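Under the working numbering, the first residue of the sequence shown carries the number 505, and numbering increases by one thereafter. Report on one structure; see the data block that follows.
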Amino acid sequence: EIKGFTAIDAPYEEPLNPELVVDSAAYPAEQLADEVLGWLERTGKIPTAVKT
Numbered sequence: 505e506i507k508g509f510t511a512i513d514a515p516y517e518e519p520l521n522p523e524l525v526v527d528s529a530a531y532p533a534e535q536l537a538d539e540v541l542g543w544l545e546r547t548g549k550i551p552t553a554v555k556t
């Protein structure tokens, strides 16, 4: 059993200043995935993809 698992036996704590917010109720998953990948690239967390 995992102790301290969010939403199981530990509360979800919303971040005070999130770096990225996505509205999953307003946009399709594919568009949100593109937004997340773009943010990861812009912030240098992953290398920029080469589009062909």
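Think of the CB as a built atom: it goes at the ideal place given N, C-alpha and C, for glycine as much as any other residue. Keep in mind the model is a prediction, meaning the values are calculated, not measured.
- The alpha-carbon separation between Glu534 and Leu544 amounts to approximately 15 Å.
- Judged by their CB atoms, Leu536 and Val526 are nearer to each other than the 7 Å cut-off.
- According to the DSSP assignment, Val540 belongs to the alpha helix (DSSP H) that extends over Ala533 to Arg546.
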